[in-house]
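Worksheet for the structure shown next.
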Amino acid sequence: MRRIAVLDAPSNLGLRPPTSTSVPGCAKAPGALRDHELIARLGARDAGCLTPSRYDPGDWRPGDGVCHAGAIADYSMELADRIGGIIDQGEFPLVLGGDCSILLGSALAMHRLGESVGGRIGLVFVDGHSDFRHPGNASYVGAAAGEDLALVTGRGQADLAAIEGRRPYFRDIDVVVLGIRAHDEYRLDLQAAGIVTRPVPALRVEGAARTAQWAHDQLTDCAGYWVHVDVDVLDPAVMPAVDAPDPGGIAFAELELLLAGLVDTPHCLGVEVTVFDPDYDPTGSYAAEIVGTLVAGLAPVAAPDAVPPRLVSTRSAGTERGPTAMPGPRAVPPARQPTVSTVAPRGVPPLGMSAFAQPSSAAAALGAVPAPIPDPAPIPVSPLIPVSPLIPVSSPVPTPTPVPSLIPVSDEPLVQAVGPGSDRRAPVAADPAESSDRAESSDRAESFDRAESFDRAESSARAGLPASVELPEGVGLPEGLEASDRGASFDGAASFGRDESTSVNSRRPEPRDLSARWSEAVGPPASAGPGRLRRHSSPATGLRPAETPSAGVLPADDSVPGIGGPDRESPTPGPETGSAAEIA
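If you count the sequence shown from 1, position 62 lands on 65 in my numbering, and the numbers rise without skipping.
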């Protein structure tokens with residue numbers, strides 16, 4: 004369990020005066036939050052209050068540098084001492100600001116801590132504004148609360164950006180900015196500096212919890228990090244009690260989830276809350292909302308299973324904190340000489356147990372004694388057995404399978420009887436002239452009226468023969484057809500009314516009437532009614548309407564293209580056209 008220590012830092016030295024006769028009211032924020040029983044609800048220890056010097060801009064003018072620079076520097080060193088003492092006791096500091104200039108004191112404490120453990124400390128900057136104004140991108144500077152991120156990353160006047168000769172307090176790659184507005188005026192400068200950001204639109208798309216995890220992932224090279232929370236990250240609709248409200252912020256619930264995700268790790272070293280101005284909260288309702296959010300967001304810190312970060316200083320006892328340089332990158336140990344710690348960890352928890360890892364820094368922080376691990380004994384390997392070269396084996400060339408010659412077509416009749424449900428098209432011997440004969444038959448049909456062409460096509464199809472076909476040698480015609488009928492064109496109903504029935508190469512008995520044989524073979528068409536077969540005639544002059552066709556004349560099928568159906572309408576029988584032929 005990690006104990007929370009609440010420290011008041013009611014400094015307003017980093018803000019401009021609201022009016023010429025008033026001072027910023029954020030110095031009253033710690034008292035307003037305590038009035039809502041913040042310490043009791045957190046179960047925290049009261050770490051007291053660090054009182055700043057008087058707010059007095061005097062005769063400051065633009066171009067004079069940061070206002071109250073000397074007072075802010077002195078206050079930052081005192082605040083760093085107080086924060087360092089809380090962490091040395093294994094407690095979790097919660098600093099109540101005050102304006103954002105108190106970040107200088109927190110940053111100085113983190114740099115001292117990082118130097119003592121031989122590692123780097125990161126910063127998660129949760130703010131509605133980037134606070135990245137500095138002499139390199141602005142005509143002049145003045146309020147440290149609008150320049151705090153630039154100062155802690157080494158940009159700005161030396162009396163604030165390099166206190167105790169430490170510069171920068173946080174490296175650019177160790178800073179994560181969350182919650183700025185998408186239109187922030189210094190967002191491109193942050194990008195150019197290599198500082199990663201997640202503005203409010205992206206934060207809301209990814210969610211507060213995932214954003215907290217994303218911030219963890221950005222600081223994997225750090226031994227720990229500090230969290231700065233400016234309440235103007237909230238939208239003015241829910242938190243207008245700030246000095247510079249800006250629309251487009253997040254809600255209290257999102258801040259609660261974000262804070263809980265950031266502190267739920269032993270590598271979070273502390274949190275500071277800034278810029279709440281009770282002068283804009285006469286009823287205290289906004290102070291109550293802030294206290295509720297802090298109690299819920301810091302719940303993981305006070306959880307029974309929370310592990311406090313016990314960072315142990317490596318300097319000798321009594322050594323004064325003086326100006327030192329940021330340790331440079333350490334050499335990577337040889338790969339074949341891994342080291343292990345022979346003492347129990349007393350400092351930063353082993354970095355392998357969480358997202359934050361820096362093996363070389365952790366070893367220095369924990370005072371680990373490197374012990375070389377002997378190389379494992381070599382495994383004997385038997386010599387390779389020479390293998391004789393492969394001898395190509397000739398395989399016999401497979402003998403090609405002879406292709407059987409074409410078998411002559413037998414002299415069986417081509418027209419076969421088919422039963423119901425089977426294909427009504429009789430098999431026809433393949434002949435090269437068949438396709439041309441069919442085309443010739445189709446062309447010939449165009450010259451006649453519709454009824455005659457239909458009769459001829461259907462008669463040929465039912466018989467299994469084209470209109471004109473040359474049969475192979477040795478194959479006979481079906482019974483009931485003469486040899487002279489091969490190329491003859493049918494004439495409607497009369498085509499089946501011939502009496503001639505000469506057989507050619509036929510082995511069947513005496514031929515019978517073709518119409519009776521056709522009915523016996525295929526039966527009546529499925530489209531016909533009981534005993535009736537209707538066919539529309541065409542207005543051709545060659546038809547004899549009064550003549551009754553012989554049995555076997557086929558009807559007009561609407562499914563045949565060009566014969567009725569939806570493509571065109573069939574002619575209606577009338578005085579000038581042929582009548583419908585019916586077969587009873």
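Yeah, the Cβ is synthetic: ideal placement off N, Cα and C, and Gly gets one too.
**Study point:** Contacting residues, own chain, Cβ-Cβ under 6 Å from G325 (five flanking each side not counted)
**Key:** Unreliable placement is indicated for G325, whose pLDDT of 38 sits below 50; the coordinate value is still reported in the next sentence. No residues qualify anywhere along the chain.
Check your understanding: When DSSP builds the beta bridges, which residues end up paired with P96?
Key -> A8
Check your understanding: Taking contact to mean at least 3 C-beta pairs separated by less than 8 Å, is the segment 119–127 in contact with the segment 71–85?
Key -> no
**Study point:** Cutoff 8 Å; reference R170; Cβ partners in own chain excluding five residues on either side
**Key:** G157, A161, A164
Exercise for review: Would you mind reading off the limits of the alpha helix (DSSP H) that contains R213?
Suggested key: 211–221
Review point. So what's A254 in DSSP terms, helix, strand or just coil?
Key: coil
Exercise for review: Given a cut-off of 8 Å, decide if V294 and H39 are closer than it, judged by their beta-carbon atoms.
Suggested key: yes
Check your understanding: In terms of alpha-carbon separation, which member of D49, T22, M4, R115 lies closest to A12?
Key -> D49
Check your understanding: What does R201 pair with, by DSSP beta-bridge criteria?
Key -> L181
Check your understanding: If you draw a straight line from the C-alpha of A83 to the C-alpha of E167, how long is it?
Key -> 12 Å
Point to revise | Selected residue, minimal CA-CA separation from S56, among R37, A76, G46 | key: A76
Exercise for review: Alpha carbon to alpha carbon, how far is E209 from G101? Give it in angstroms, no decimals.
Suggested key: 31 Å
Review point. Hey, V245 and D280 are a contact pair by Cβ (cut 8 Å); roughly how many whole angstroms apart?
Key: 6 Å
Review point. Roughly how many whole angstroms lie between the Cα atoms of I7 and E94?
Key: 6 Å
Check your understanding: How about V144 and H137: are their beta carbons less than 8 Å apart?
Key -> yes
Practice item. Report the rounded CA-to-CA distance for A254 versus D238, giving the unit in angstroms. Key: 6 Å
Exercise for review: Determine the closest residue to I90 out of T54, P307, G227, E292, with distance taken between C-alpha atoms.
Suggested key: G227
Point to revise | L191 versus P20: straight-line alpha-carbon distance, rounded | key: 29 Å
Check your understanding: What are the residues that DSSP puts in a beta bridge with H231?
Key -> F128, E275
Check your understanding: Since A50 is in the alpha helix (DSSP H), which residue starts that stretch and which ends it?
Key -> Where A50 is concerned, there is no enclosing alpha helix (DSSP H), although the beta strand (DSSP E) it sits in stretches over 48–52.
Check your understanding: How many whole angstroms separate the CB atoms of V127 and L265, which I take to be in contact at a CB cut-off of 8 Å?
Key -> 6 Å
Check your understanding: Out of curiosity, what's the CA-to-CA distance linking L354 and L222?
Key -> Only weak support exists for where L354 lies, its pLDDT of 38 falling under 50; the coordinates are left without a value.
Review point. Taking the continuous alpha helix (DSSP H) assigned at G73, which residues delimit it?
Key: 72–91
Review point. How far does the alpha helix (DSSP H) with R44 in it reach, from first residue to last?
Key: 41–45
Exercise for review: Taking the CB atoms as reference points, tell me whether L97 and V274 lie closer together than 8 Å.
Suggested key: yes
Review point. So which of S14, P204, C29 has the shortest CA-CA distance to D282?
Key: C29
Point to revise | Residue nearest to I198 in terms of C-alpha spacing, selected from A47, F135, C52, A309 | key: F135
Check your understanding: How would you write the range of the alpha helix (DSSP H) that Q194 sits in, first residue to last?
Key -> 190–196
Check your understanding: Around the Cβ of S142, are there at least 16 other Cβ atoms within 10 angstroms (buried) or fewer (exposed)?
Key -> exposed
Exercise for review: State the DSSP-derived secondary structure class of L301, mapped to helix, strand or coil.
Suggested key: coil
Point to revise | Cβ neighbours of A309 in the same chain (closer than 8 Å, five flanking residues each side left out) | key: M4, R5, P269, P303
Exercise for review: Please classify A470: does DSSP put it in a helix, a strand, or coil?
Suggested key: A caution first: A470 carries a pLDDT of 46, below 50, which makes its placement in the model unreliable, though a value can still be read off. Here A470 sits in coil by DSSP.
Review point. Which residues mark the beginning and the end of the alpha helix (DSSP H) in which R19 is found?
Key: Element bounds for R19: n/a, residue is neither H nor E.
Check your understanding: Buried or exposed: which applies to H186, given that a residue is buried once 16 or more other Cβ atoms fall within 10 Å of its Cβ?
Key -> exposed
Review point. Using the rule of at least 16 other Cβ atoms within 10 Å of the residue's Cβ for burial, across every protein chain shown, is R64 buried or exposed?
Key: exposed
Practice item. Could you tell me if G66 is buried or exposed, where buried requires 16 or more neighbouring beta carbons within 10 angstroms of its beta carbon? Key: exposed
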